[in-house]
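Read the structure below first, then the notes.
Residue numbers (our numbering): 101 to 261.
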């Protein structure tokens, strides 16, 4: 499969993408640890089958010094011992917020309670937007068949410029 369309090469696509980038910058300035943001983005991207985003977020984690065992176990985080309770709460939010169309009923009260236990109001707002934004990004890139494999760590650092 070849990529269908380059949203950034289209004037309107680039204009909308710039606003998307600004939201991502606000999330990154929220006080959430960058590693947590990348873990959440990686998990949602795995669930959505977005090769570009799985590639990007795994490489960003590796470049930031995240151990390979944690990157590799994101897909099976419930069956691992390498994530903190706070990270598990965020990963559960990512899964439940991503899988709403799979006969799930959104985010459970138990997951919400764990999120609120570990994250303040600003961090909670950032996590909710993070889950929504990575799901939107996954959909954009899956629809346009943007492939994984060529991402270079640090590319997203210029977002919002």
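Idealized CB from N, CA, C, for every residue including glycine.
query                                                                                                                                                                         : result
Is the region 218-237 touching the region 183-203, taking contact as three or more C-beta pairs under 8 Å?                                                                    : yes
Does residue 251 come out as helix, strand or coil in the three-state DSSP assignment?                                                                                        : coil
Within this structure, are the beta carbons of residue 147 and residue 199 separated by less than 9 Å?                                                                        : yes
Would you kindly report the start and end of the unbroken alpha helix (DSSP H) that includes residue 145?                                                                     : 134-148
From residue 247 to residue 118, what distance separates their C-alpha atoms?                                                                                                 : 21 Å
For residue 158, count neighbouring C-beta atoms within 10 Å of its own C-beta (all shown protein chains included) and say buried if the count is 16 or more, exposed if not. : buried
Can you find at least 3 beta carbon pairs, one from the region 165-185 and one from the region 119-133, that sit closer than 8 Å?                                             : no
So is residue 114 buried or exposed if we call it buried at 16+ other beta carbons inside 10 Å?                                                                               : exposed
So, using beta-carbon positions, are residue 151 and residue 254 closer together than 9 Å?                                                                                    : no
Would residue 142 pass as a contact of residue 116 if the rule is Cβ separation under 9 Å?                                                                                    : no
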